[in-house]
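Trainee: This note's numbering puts the sequence shown at residues 17 to 286.
Have a look at this one before I ask anything.
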Amino acid sequence: MELELAGRTALVTGGSSGFGRAVALRLATEGAHVALVARGEANLRAAADEVARAGATARGTGAGRVLPLAADVTDDAAMTAAVAQATRDLGPIDLLLVNAGGPPAGNFADLDLAAWEAAYRLTIESAVRLCRLVAPGMMERRRGRIVCITSVSVRQPVENLMLSSVLRPAVQALVRTLALEAAPFGVTVNAVAPGFHLTSAVERLITRKQEQTGATREEVLAGWTREIPLGRLGEADELAALIVFLMSGPAGYITGQSITSDGGWVRGTF
Ligand SMILES: NC(=O)c1ccc[n+]([C@@H]2O[C@H](COP(=O)([O-])OP(=O)(O)OC[C@H]3O[C@@H](n4cnc5c(N)ncnc54)[C@H](OP(=O)(O)O)[C@@H]3O)[C@@H](O)[C@H]2O)c1
17 MELELAGRTA
27 LVTGGSSGFG
37 RAVALRLATE
47 GAHVALVARG
57 EANLRAAADE
67 VARAGATARG
77 TGAGRVLPLA
87 ADVTDDAAMT
97 AAVAQATRDL
107 GPIDLLLVNA
117 GGPPAGNFAD
127 LDLAAWEAAY
137 RLTIESAVRL
147 CRLVAPGMME
157 RRRGRIVCIT
167 SVSVRQPVEN
177 LMLSSVLRPA
187 VQALVRTLAL
197 EAAPFGVTVN
207 AVAPGFHLTS
217 AVERLITRKQ
227 EQTGATREEV
237 LAGWTREIPL
247 GRLGEADELA
257 ALIVFLMSGP
267 AGYITGQSIT
277 SDGGWVRGTF
């Protein structure tokens, strides 16, 4: 299938690892220009080199350009500058992936108001900021795709993930509502809701669980996969394939949706 992504400009936040990196790799192999945002400069540079190599291998001289931008999605001035630089160096942004680290784990009793406020800034405010910076230009040019990464917690609360289970549904509501306003301009806005996928974030969770319980890596994984009908965790690239499709030309009639990728974990009928 021709995805019509060659020559498009993408801004991928949380781009140095996990889902963001996997999306950037796929976009580069499709010939898109890719700006990657993350905080840690060393990982960001390594990911940008890898993405540039993937583009060159797939496209040769037709490869897109790759731009690493060290910035924190919760920092207004830094993100405003990052979007401006991406636009200056690569062209107006056609494709936006809204993504970063997730809010910390914890039950209600563990979380003070400062934790709630930080999670609000990371999860909702950063998504609003990115959409404010990018969506008006897309609407003016009558072209654009926005995809937000949320979590299965938008469908069903996840044990010990109070902040995610309360705040991610607000991101989904933003997606649904902004999709209505962007639709007359041909701009689509969607979300993907991942269950457990093997990324560095989940590797860190596995290590923490091992330290807390003394279980082996295999025992921790077995505890999770028992609840997953497909019997395994997902790969980052499996979610990336879905995201890149939602960013593609052929996905132009899909908007306001939340698509779950969880191996069947959520038991709801819809
Ligand atoms: N993996 C899963 O199974 C799973 C399931 C459900 C939901 N999710 C959600 O999906 C998102 C991505 O997860 P992942 O597994 O891909 O995580 P990951 O491998 O840890 O990657 C997170 C990326 O975001 C960047 N990042 C984190 N905080 C940032 C900030 N404040 N500003 C800019 N960049 C930031 C990280 O780089 P720096 O740290 O250097 O900034 C890194 O590039 C998270 O919100 C996570 O909660 C993941």
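Glycine included, every Cβ here is placed at the ideal spot set by N, Cα and C.
This one's a predicted model, so the numbers in the text were calculated from it and none came from an experiment.
Looking at the secondary structure, which residues open and close the beta strand (DSSP E) in which asparagine 59 lies?
Mentor: Looking up residue 59 in the sequence shown gives position 43. From DSSP, asparagine 59 is part of no beta strand (DSSP E) but of the alpha helix (DSSP H) over 57-75.
Trainee: Work out the CA separation of methionine 155 and alanine 68 for me, nearest whole Å.
Mentor: Taking the sequence shown and counting its residues from 1, one reaches residue 68 at position 52. Taking the sequence shown and counting its residues from 1, one reaches residue 155 at position 139. Cα to Cα, the separation comes out at about 29 Å.
Trainee: So which residues put a beta carbon under 5 Å from any heavy atom of ligand 1, going in chain order?
Mentor: The filter returns Gly30, Ser32, Ser33, Gly34, Phe35, Ala54, Arg55, Gly56, Asp88, Val89, Ala116, Gly117, Gly118, Ile165, Ser167, Pro210, Phe212, His213, Thr215, Ser216, Ala217 and Val218, in chain order.
Trainee: Report the option in Ala79, Ala64 and Ala72 whose CA atom is closest to the CA atom of alanine 86.
Mentor: Locating residue 86 in the sequence shown gives position 70, counting from the first residue. Measuring from the Cα of alanine 86, the nearest candidate turns out to be Ala64.
Trainee: Please classify glycine 250: is it buried, with 16 or more other beta-carbons within 10 angstroms of its beta-carbon, or exposed?
Mentor: One-based indexing of the sequence shown puts residue 250 at position 234. By the neighbour-count rule (16 or more Cβ atoms within 10 Å), glycine 250 is buried.
Trainee: Can you tell me whether DSSP reads valine 174 as helix, strand or coil?
Mentor: Looking up residue 174 in the sequence shown gives position 158. It is coil, neither helix nor strand.
Trainee: Sorted by chain position, which residues of the same chain lie with C-beta nearer than 7 Å to serine 181's C-beta, five sequence neighbours on each side aside?
Mentor: Mapped onto the sequence shown, residue 181 falls at position 165. The residues are Ser169, Pro173 and Val174.
Trainee: Considering only DSSP beta bridges, list what cysteine 164 is partnered with.
Mentor: Here the question's residue 164 lines up with position 148 in the sequence shown. Answer is Val114 and Ala207.
Trainee: Grab the span of the alpha helix (DSSP H) containing leucine 83 for me, first residue to last.
Mentor: The residue given as residue 83 occupies position 67 in the sequence shown. Element bounds for leucine 83: not the alpha helix (DSSP H) but the beta strand (DSSP E), 82-86.
Trainee: Which runs of the alpha helix (DSSP H) fall wholly inside the stretch 235-265 and span at least 4 residues, in chain order?
Mentor: Segments of the alpha helix (DSSP H) lying fully in the stretch 235-265: 252-262.
Trainee: For the alpha helix (DSSP H) containing threonine 96, name the first residue and the last one.
Mentor: By 1-based counting over the sequence shown, the position of residue 96 is 80. 92-106 is the extent of the alpha helix (DSSP H) around threonine 96.
Trainee: Measuring straight from C-alpha to C-alpha, what distance separates isoleucine 109 and alanine 231?
Mentor: Numbered from its first residue, the sequence shown carries residue 109 at position 93. Numbered from its first residue, the sequence shown carries residue 231 at position 215. Whole-angstrom Cα-Cα distance: 46 Å.
Trainee: Classify glutamine 188: buried if its beta carbon has 16 or more other beta carbons within 10 angstroms, exposed otherwise.
Mentor: The residue labelled residue 188 in the question sits at position 172 within the sequence shown. By the neighbour-count rule (16 or more Cβ atoms within 10 Å), glutamine 188 is buried.
Trainee: Find out if the Cβ-Cβ distance for the pair arginine 42, valine 260 is shorter than 8 Å.
Mentor: In the sequence shown, residue 42 corresponds to position 26, counting from 1. In the sequence shown, residue 260 corresponds to position 244, counting from 1. For arginine 42 and valine 260, yes; Cβs fall inside 8 Å.
Trainee: Run through the DSSP bridge pairs and tell me what isoleucine 275 is partnered with.
Mentor: Within the sequence shown, numbered from 1, the residue matching residue 275 stands at position 259. Val208.
Trainee: Starting from alanine 26, trace the beta strand (DSSP E) both ways and give me its first and last residue.
Mentor: Stepping through the sequence shown from its first residue, residue 26 is reached at position 10. 25-29 is the extent of the beta strand (DSSP E) around alanine 26.
Trainee: Is the CB-CB distance between isoleucine 165 and valine 203 below 8 Å?
Mentor: By one-based count along the sequence shown, residue 165 stands at place 149. By one-based count along the sequence shown, residue 203 stands at place 187. Not in contact: isoleucine 165 and valine 203 (Cβ atoms no closer than 8 Å).
Trainee: Find out if the Cβ-Cβ distance for the pair glycine 211, proline 245 is shorter than 8 Å.
Mentor: Locating residue 211 in the sequence shown gives position 195, counting from the first residue. Locating residue 245 in the sequence shown gives position 229, counting from the first residue. Cβ atoms of glycine 211 and proline 245: not closer than 8 Å.
Trainee: Would you call the CB atoms of threonine 276 and arginine 192 closer than 8 Å?
Mentor: In the sequence shown, counting from the first residue as 1, residue 276 sits at position 260. In the sequence shown, counting from the first residue as 1, residue 192 sits at position 176. No.
Trainee: From the DSSP output, in three-state form, read off valine 50 for me.
Mentor: The count along the sequence shown starts at 1 and reaches residue 50 at position 34. The answer is strand: DSSP assigns valine 50 an E or B state.
Trainee: When the Cα of glycine 56 is compared with those of Thr223, Gly30 and Ser142, which residue comes out closest?
Mentor: Taking the first residue of the sequence shown as position 1, residue 56 is located at position 40. Here the closest residue by C-alpha is Gly30.
Trainee: Taking the Cβ atom as the reference point for each residue, do serine 274 and alanine 207 lie within a distance shorter than 8 Å?
Mentor: One-based indexing of the sequence shown puts residue 274 at position 258. One-based indexing of the sequence shown puts residue 207 at position 191. A contact, by the Cβ cut-off of 8 Å.
Trainee: Should leucine 183 and glycine 122 be called a contact, given that it needs their Cβ atoms to be closer than 8 Å?
Mentor: If you number the sequence shown from 1, residue 183 lands on position 167. If you number the sequence shown from 1, residue 122 lands on position 106. No, Cβ-Cβ distance for leucine 183 and glycine 122 is not below 8 Å.
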